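Residue numbers (full-length UniProt numbering): 1 to 302.
Quick reminder that beta carbons are idealized off the backbone N, C-alpha and C, glycines included.
Since the structure is predicted, the reported quantities are computational estimates derived from the model, not experimental observations.
This report concerns only the one structure given below.
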Ligand SMILES: C[S@@+](CC[C@H](N)C(=O)[O-])C[C@H]1O[C@@H](n2cnc3c(N)ncnc32)[C@H](O)[C@@H]1O
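Below you can see the structure in the form of structure tokens.
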């Protein structure tokens, strides 16, 4: 099953090291939540989309400010393990609802995946496979609200999800090398459409008067793309809040598919709420970091 790729990604070892390495990243996240939201409001019901291994959030710290917390991901097991790793008490666990096996986009329906793979196995013309994929993409309806019983939340959190929505498609594309190049050419535009649809789903989950906080891994800084050398320069621009300059100087190549467009699209959708913007560098692995952009805002009737 193609969606098992999310479990495989989350299954990599090194939770202990990652928890330490991501401390500053977690602290930044919590500082945004504390300063923008919890300083003025107690939250009744919060939801985290893409909770996964929950290594970017200190659940105990978050639970102090919310009456209930729903964790949502395709990968149920990682969330379950996270509750154990973070050593939640019985009372803390009682506030948590786990929603696993939920796929955010609706794009990867079983019929679609099977039919696409059959076409590839039958060696259909790659162009007709691409057309089939695009047609399916344009017919996908937002189903996330329904999967969560149409329950809106007072706080919706999404972290580094926009970039991941394309991952199963890249698995399909990699199925046969004859098709890979042609299908991969479509990956970035499809990632951007999935990110925009996901933004609409996120907004539909927020209650009137509720909050949304989303962060986006818009640019990779790694040895592979030779961007690590610019980390200090980007850090300096972040400190001066020169985000447009970072975009202009460093994101000409497009940044991370799905994430950069996800940020820009969400900003356009919600700028009337005057979102708070915060950017930072996430030390993802030893030799791989991400430039993060985030938006936090209250959904009010204007
Ligand atoms: C980069 S991780 C976010 C970091 C995560 N909160 C942590 O601390 O490890 C993205 C998460 O989103 C989930 N995800 C990505 N795309 C998804 C989709 N289409 N449907 C459901 N879950 C998805 C993945 O399983 C993964 O756990």
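Distance cut-off 7 Å: residue 55 Cβ against heavy atoms of ligand 1: Stepping through the chain shown from its first residue, residue 55 is reached at position 55. Flag set: Cβ of residue 55 near ligand 1.
Buried/exposed call for residue 173, threshold 16 Cβ in 10 Å: Here residue 173 refers to the residue found at position 173 when the chain shown is read from its first residue. The residue is buried, with at least 16 neighbouring Cβ atoms inside 10 Å.
Stretch pair the stretch 179 to 186 + the stretch 237 to 244: three plus CB contacts closer than 8 Å: no
Heavy atom of ligand 1 within 7 Å of residue 103 beta-carbon: Counting from 1 along the chain shown, the entry for residue 103 is found at position 103. Correct: residue 103 has its Cβ closer than 7 Å to ligand 1.
Near ligand 1: residue 226 beta-carbon under 7 Å from a heavy atom: Within the chain shown, numbered from 1, the residue matching residue 226 stands at position 226. Flag unset: Cβ of residue 226 not near ligand 1.
CB-CB length for residue 72 against residue 163, believed under 8 Å: As a first step, residue 72 is located in the chain shown; it is residue number 72 there, counting from the start. As a first step, residue 163 is located in the chain shown; it is residue number 163 there, counting from the start. About 17 Å; that fails the 8 Å criterion.
Contained beta strand (DSSP E) runs [length at least 3] in the stretch 111 to 196, N- to C-terminal order: 153 to 159
Residue 165 Cβ short of 7 Å to ligand 1 heavy atom set: Numbered from 1 along the chain shown, position 165 holds the residue referred to as residue 165. Answer for residue 165: yes, Cβ within range of ligand 1.
Residues sharing a beta bridge with residue 279, DSSP: Position 279 of the chain shown holds residue 279. Answer is 293, bridged to residue 279.
Beta-bridge pairing of residue 213 - partner residues as DSSP gives them: Within the chain shown, the letter at position 213 stands for residue 213. Looking at the DSSP assignment, residue 213 forms a beta bridge with 157 and 296.
Cβ pair residue 74, residue 34 closer than 8 Å: Along the chain shown, one-based indexing puts residue 74 at 74. Along the chain shown, one-based indexing puts residue 34 at 34. No.
Segment limits, beta strand (DSSP E) that includes residue 44: What you label residue 44 is simply residue 44 of the chain shown in a count that begins at 1. Segment 43 to 49, the beta strand (DSSP E) holding residue 44.
Straight-line gap, residue 57 to residue 294 (C-alpha atoms, nearest Å): As a first step, residue 57 must be located in the chain shown, where it is residue number 57. As a first step, residue 294 must be located in the chain shown, where it is residue number 294. Distance between the alpha carbons of residue 57 and residue 294: 15 Å.
Strand pairing of residue 70, partner residues [DSSP]: Translated into positions along the chain shown, residue 70 becomes position 70. According to DSSP, residue 70 bridges with 47 and 97.
Status (buried if at least 16 other CB within 10 Å, exposed otherwise) for residue 253: Within the chain shown, residue 253 is the residue found at index 253, counting from 1. Flag for residue 253 reads exposed.
Beta-carbon proximity check, residue 161 vs residue 49, cutoff 8 Å: Along the chain shown, one-based indexing puts residue 161 at 161. Along the chain shown, one-based indexing puts residue 49 at 49. Cβ distance < 8 Å, so residue 161 and residue 49 count as in contact.
Buried versus exposed, by CB contacts within 10 Å (16 or more), residue 67: Indexing the chain shown from 1 puts residue 67 at position 67. Result: exposed.
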